[in-house]
Structure formats: structure tokens, C-alpha cells
Amino acid sequence: MDLAVEGITCAACMSTIEHGLKALPGVTAARLNLTTHRLAVDWTPAAVDAGQVVRRLEELGYRAHPFDPGRRSAEEEAETRELMRCMGAAGFATMNIMLLSVSVWAGNATDIDGPTRDLFHWVSALIAVPAVFYSGRPFFRSALRALRAYRTNMDVPISIGITLTLGLSIFETMRHAPEAYFDSVVMLLFFLLTGRFLDQNMRRRTRSVAENVAALRAETASRILPDGAVREVPLSKIDPGALVLVRPGERVAVDGVVEDGGSEIDQSLVTGETTHVPVAKGARVYAGTLNVSGALRVRVTAATEGTLLDEVNRLLEAAAQAKSRYMRLADRAARAYAPVVHTAALLTFLGWTVVKGLPVADALVVAVSVLIITCPCALALAIPAVQVVVSGLLFKRGVLLHSGDAIERLAAVDTVVFDKTGTLTLPAPALLDGAAIPTPVLKAAGRLARASRHPLGLALAEATHAAAPPEDAREIPGQGVEAMLDGEMARLGSPAFCGVDPAAVEAMVERRPNASFVAFRHGTAEPVLLAFEQGLRADAVEVVGRLKAAGYRIEILSGDREEAVAEAAAALGVADWRAGLKPADKIARLDALKAEGHRVLMVGDGLNDAPALAAAHVSLSPVTAVHLSQAAADAVFLGDRLAPVAASLKIARAARAAMVENLWISVIYNLIAVPVAVVGLVTPLIAALAMSGSSIIVTLNALRLRLKRA
Amino acid sequence: MDVLIYLIPIAIGLGLVGLFGFMWTLKAGQYDDLEGAKWRILSDDDLPSPAKKD
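Protein sequence lines, in the order shown, are assigned to chains A and B.
For the first sequence, UniProt numbering gives the first residue as 1, with consecutive numbering after it.
For the second sequence, UniProt numbering gives the first residue as 1, with consecutive numbering after it.
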């Protein structure tokens, strides 16, 4: 069984987990992968079950969830393995052919005799031909696919270059020529494969983190069976008409109608609205909303294909289609590059045969050497090298990229649009005026809060760093928690439950219109009111200020009420804001901005943001966002702070500059190399040096980004 | 130069040994967790423990 494990911070966790699990009877092997945070456990089903393993992990302090490796990730795995095998083969061939080539170069300068040189060339050919056919497959396949669709991509000139070089080398060997290019062709392959492997590794790492996050929030619901028993089942197993139980503190997994029970619902992830909505029998609830106070029995109207979700999905699809297909920098370069180079080679051939009257075979050699020396080695590495370095930098700052070209699009942004709830504000409510309340009282309240699953209780426990809950804590649904603390009855819950004077509550509501309240009473002491609010992220003001100073235009598009948005906008100093927006309104606004010629970065987390995230030029989403939004966004950022947003914009600009520099380096290299090749002066030694030299220069230029920030 | 008849096959043979070694490590999954491996050196569970703790 594979588990995604949360909370792994260091290497010590590895041995804690592995030893802790092996101590369980029936567990035969446990191995944690520290790179992907996945745990593989083998056990004998008779002695222990999966639930026990997960419980044991929880005792050790880690949350775990069964991880179901999808078909896609298995394919990825196979692809990575293939790339590595190709790299190994190309590396082997490069080393051995170099060994022979260096001997030939040295021999040509001194006194090598013809038959020995031919032997060396034939041995090189013997290694190079199978190596090229084996290691070149990824490029040939991609080039064929592109050609079949009447397109060209970078792999087309690469494949042509590789095949021609190999062919020419064999031809030259048969002519007993002093030079052959076997070393260049395998070295080129090796460099290209390295670039591709690095690129794929980056995407795989991001995806594995994202998949872990998804697995930890696996979507299940508690189904109430006809006999009254409650069982946790996957969402896909729930049909309309079934009855599910939604406990306080849980997310509602389905769309449905409340059959029984009363509670308050937090819809912020779905509509962006922060105030809780009271629900009772007959009220409609939607998937993705949070049940705040009481247990609900919900009759399902739609589980996997929900009405609200359908609406969002429809918009999402439309937005994704409307999004003009972005032409990546590398593809644009390749499109301009291939015709120029191939024309140059053709002109060279015609020039030598027609004008100079050289034999066709010799002219062909010169023309092919033009193709070899211009084979887009540096060009193919120019962009991936930067992407790999930059994604590493972003990874350290808590930003996970879904696609490499997101960097290029981020660099082009001039407008940043934020969602408010959960994006500018923290995803969970935070305690207000905590300093005004005596510490012992807070500590006691925090301990009680640990016993509760209510979101405010969780927030309170978090804010007070409370210790373990009292043992006899009892949760009274819809009211609060009570327990004996230091010999006296303590209660935490709704103001009425703790006997707070309604007038005091009203006064508090007046002072804090956007807050939610919890009361705490210990023994006969005066009850205390604790106010909670979804506050702005700690560095939101600073980050927005910095973005404005950097010349970005900032806008807030929120589904929340006007007053709440106005307050946040005022605190952040943002003049452009809109409130009460539906998903379609957000898209309309983004379209308007696009029509004005702006490139928009959308930052949002809710279900209502997903279509806008897909429609924007580029998008970011916090890791607390709903699954759909994360999938729609180009990158995900971790943590409680907004700083990654500013960091990614800044890094992306530097990256874009480095990419352009690298492309220019490639162009300049070609400007120097091509004339040399056209006049027929290229020797294999020059080709090999030029090729590796330009590759190393662009790689070093990419690594420079890292030094700048170290 | 007759020595080449022996030297070239030896050189290529050694290279092939390296290549097959690499393929073997790849197949054995030695590149799956580069992060954990460096820490595993420090753990002592492969030593015979003189006194069992638990």
C-alpha cells in the first residue's frame, strides 16, 4: 500500500515512521521516500489492517492518506526511466567515441596511417549507430508526431541534424576521409537528453507534491446506510438520493437538501462570501462548503456531477478554450530558426556545386556540416536550463509550477487580480485582540478547544498552542464543549451556551461586524467573548505595496459582500475592487482587462475562482484552494504568507531576461559558426568544441540566476 | 599498432560494464529517493543490535 504522508520535516521523521510501523505486528516492511513524502508499507492482512497503520502514524504525529497512483503517473515514471536509459546509453557512447576521436585528432596532427584511422572510424560507427537509434527515440518520435500534424517543433531540426550527421560520418568513413563526426552526434544527443531529463524531473517533483496534497484531502463522505450505520465511502460511490452525515467541522462533500439537523454553513470557498449562512431542514447545501456548528443529515441531489460544480465546470471549459494558445518562446525561436538554417544549407550546397563547380559529394559534405554546426543544441538547452534553475528557486520559496512556460507568462504580467477570501485573507479565521485576554484564561480555553472540531475551535487551539484536551471533554452538538478543568466546570461555545449577556454580544457585534464569536466560561468567573475574523495574510499589506511600487496594477475581484471587500481594499490601499461577483462576472472583468491590452495574473482559491484562473493570462492559487482551482492554476503556493506571489513575479522577470540572453547567445554563436561552415572550414574538432562550448555557456548563464540570489 | 586489437575491445568492454551497471542501478530504483538515501547512512538498523530496546 502507498500512503501520502503529511508533516515530514526532517530526516529524523524517516526513522521514527519506519521503526514505529515495523513495531506493529504484521507489518513486514515500511519504507519512506523522503523526496516524494510517500510511504510504502507491506503487511500481512491477517494480522493488521490499513486503518491500524494510519492510526499508528497519527499516534506518531503524522497524517497519512492512502495514495492511489494514477495511470498517468505510471506513464510519467516509465517516461523518466526511458529518458535515463537513453541518457546512460548516450553517455557511454560519448565517452568511448571521444576516446577514439581524440586519438584520431592527435594522429591526424602527427603520423596516423590510413587503415588505423579507418579502423577507429568504423569502431566509432559501430558504437554510434545503435546508440543514436536507441537514445534518439524521444526526439524522433516527437518530430514525427509534429510532422504528421503538419507542424514543426524543436525536435524536427534536431532529428534532421542527428540523422544527417550520422549518415555523413559513415559516408566519409567509406571514402577513407580523415574526419568523421561520430563524437559530435552522440555528444549532442547526450546534452539534449540531459536538458530534457532535467525539465521532466522538475515537472515530476511539482506534480508529486500536488498529488500528495490532493490525496491528503481525499474526497469521501459519511454515508448513512438504511440500518442507521454510518460508513465512510468515496464520493464516486454515492448516488443521488442517498443520505449522508455531515459532522460539524467537515466540508460538505455533495450538493443536497438538509433532511434533519440545523447548523451554520461557511460558503467562502464556493461563493467568496465570509458570513455564515444558517441552514435548517429543507435548506440546500453545496459541495465545498464548510459545516460550522451542528451535525446535518443531507439527502444527496448530486454528488460527483453537482449542479453548482457543473456550472463552474462549464465556465472552466469555455475559459480554457478561449485562452489563446500561448506560443512558447522556444517554439517561436524554433519556427524562425528551422527555415533559415535549412535554406542556408541548401544555398551552401548550390553555391559550391553551381558557382564553384565542386563535385557533388564534396559540396554535400560542406552543406551537411552547416547543418551540424547549427544543430540547435544551445537553443534546445537555452530555455529548459533556465526553467529548471528557476523552478528550483521558486520551489524553495514555496511556489510549485505546473508548467515550465508559466515562467514566461508570469514575466509578461502587468496587472495582478486578487480574490479576497482565502487569498488575500487567511484561509482560516484568526483570534482578534488575543493580547487583551489573560493568558491563563486563553490557555484553558485553548485546551477545551482541542476537543472540538468546530473551525473556530481549531483556530483557537492553533492560536493558543494549547496542550492536550481535558480527558472528560464532551461536545454538545451545535452548542460547544464542556469539561472539568481544575475542579471547576468549563464551557466553550456559543455565547448562549456559556451564559453571556445578549447585550454584551450585541455590543461586540457592533464593534466587530465581520467577526464570529466564541464564549468561554470557567467556573463562576465572568464569561469571556473571543472574536475571530478571517484576517489578511500577515504580509498582505507589504506585498501589495511592493507590487504597486514595482508598477503592477492591482485589482480585487471578490464574491464577498461589499462592506467586507471595501474594508480589505482600504486596508491594502487598493482602489480598484469589485464585490459580490459571480464566476461569470469575474471572467467578464478579466476579458475587459485583456481587451484593454493588459496581461493579468489571477490569484484565487475558491471554486468560484476556478474559471477565472483558467481564463487569466497566468494564475496562482494557494495550496489551501479547492482541488479544481489548483488544477486550473499555473502554479500553487504554500504557506500562510503572500510573499511567494511577489517573489514569483520578480524571479519570472529575471528568468525571462536570462532566456532571452540565452537565445541571443545561441544566435551569436550561429552568426560566428555558420560562415566558417559555409566556406567549408569546419573540422570535427571545431564542431565538437563549438557545440559543447555553446551548451556550457547557456547552462552557466542559467545558473547565474541562482548565484544572484544565494 | 597491433596492440589496438586488444585495447579497443577492452576499452569498449569496460565502458559496457559501466553502462550495464548504470542500467542495473536504474532498474533497482536507486534514483527514486536521492533525498532519503543520504540520511539512511546515519541510521544503524543494519547493525546487529546487542540489546533490543523494545
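Just so it is clear, CB atoms sit at the ideal spot from N, CA and C, and this is done for glycine as well.
{"Query": "Short Cβ contact (9 Å threshold) for A:T425 with A:R537", "Result": "yes"}
{"Query": "Nearest candidate by alpha-carbon position, reference A:L24, set A:V388, A:P502, A:E59", "Result": "A:E59"}
{"Query": "Other residues of its chain near A:K586: CB distance less than 6 Å, five sequence neighbours each side excluded", "Result": "L557, A612"}
{"Query": "Contacts that B:I8 makes with chain A (C-beta to C-beta distance below 7 Å)", "Result": "V123"}
{"Query": "Nearest neighbour of A:L188, chosen from A:S159, A:S222, A:N153 [CA to CA]", "Result": "A:S159"}
{"Query": "Proximal residues to A:H276 (C-beta, below 6 Å), its chain only, five neighbours per side dropped", "Result": "E264, D266, V292"}
{"Query": "Pair within 9 Å by beta-carbon distance, A:V674 and A:V645", "Result": "no"}
{"Query": "Contact under 9 Å by Cβ, A:S648 with A:V399", "Result": "yes"}
{"Query": "Closer than 8 Å: A:M154 CB and nearest the ligand FMN heavy atom", "Result": "Absent from the structure shown: the ligand FMN. Ligands present: none."}
{"Query": "Limits of the alpha helix (DSSP H) - the one that A:V441 falls within", "Result": "439 to 450"}
{"Query": "N- and C-terminal bounds of the alpha helix (DSSP H) containing A:M154", "Result": "First-last for A:M154: undefined, no H or E at that position."}
{"Query": "Whether A:T165 touches A:V368 by CB criterion (9 Å)", "Result": "yes"}
{"Query": "Chain-ordered residues of the stretch 98 to 116 of chain A with a beta carbon less than 7 Å from chain B", "Result": "L99, T116"}
{"Query": "Cβ-Cβ distance between A:G249 and A:A280 below 9 Å", "Result": "no"}
{"Query": "Where the beta strand (DSSP E) containing A:I556 begins and where it ends", "Result": "553 to 557"}
{"Query": "B:Q30, buried or exposed, once every other Cβ within 10 Å from all chains shown has been counted against 16", "Result": "exposed"}
{"Query": "Chain B contact residues for A:F92, given Cβ-Cβ distances below 9 Å", "Result": "G15, L16, G18, L19, F22"}
{"Query": "Simplified DSSP state of A:S403, which is helix, strand or coil", "Result": "coil"}
{"Query": "Enclosing alpha helix (DSSP H) for A:F520 [first to last residue]", "Result": "Taken as a continuous stretch (DSSP letters only), A:F520 belongs to no alpha helix (DSSP H), being part of the beta strand (DSSP E) at 516 to 522."}
{"Query": "Outcome for A:K323 when other beta-carbon atoms lying within 10 angstroms are tallied against a minimum of 16", "Result": "The predicted position of A:K323 is uncertain, since its pLDDT is 48 and thus under 50; no value can be drawn from it."}
{"Query": "Test: residue 81 of chain B CB closer than 9 Å to a CB of chain A", "Result": "Chain B is shown only over 1 to 54; residue 81 of chain B falls outside these bounds and no answer can be derived."}
{"Query": "Contact set between B:I12 and chain A, taken where Cβ atoms lie within less than 8 Å", "Result": "N96, V123, I127"}
{"Query": "Neighbourhood of A:H454 by C-beta, 6 Å cutoff - its chain only, sequence neighbours within 5 removed", "Result": "P248, G249"}
{"Query": "Terminal residues of the alpha helix (DSSP H) in which A:D362 lies", "Result": "360 to 374"}
{"Query": "B:W39 at chain A interface by Cβ criterion, 9 Å", "Result": "yes"}
{"Query": "Any 3 or more C-beta pairs closer than 8 Å across the stretch 128 to 135 of chain A and the stretch 78 to 89 of chain A", "Result": "yes"}
{"Query": "Alpha-carbon spacing of A:S695 relative to A:Y552, whole angstroms", "Result": "35 Å"}
{"Query": "Local Cβ density within 10 Å of A:K708, reported as buried at 16 or more and exposed below that", "Result": "exposed"}
{"Query": "Amino acids of chain A, ordered along the chain, whose beta-carbon sits closer than 7 Å to that of B:D33", "Result": "N33, L34, T35"}
{"Query": "Where A:M691 falls, given that 16 or more other Cβ within 10 Å makes a residue buried", "Result": "buried"}
{"Query": "A:R332: contacting residues in chain B (beta-carbon distance under 7 Å)", "Result": "Those within 7 Å of A:R332 in chain B number zero; the least Cβ separation is about 34 Å."}
{"Query": "From A:V365, A:P429, A:R31, residue whose alpha carbon lies closest to that of A:L681", "Result": "A:V365"}
{"Query": "Residue ranges of each beta strand (DSSP E) within the stretch 581 to 636 of chain A, 3 or longer", "Result": "600 to 603, 618 to 622"}
{"Query": "Per-residue DSSP class, three states only, for B:E35", "Result": "helix"}
{"Query": "Three-way DSSP call (helix, strand, coil) for A:D414 in this model", "Result": "coil"}
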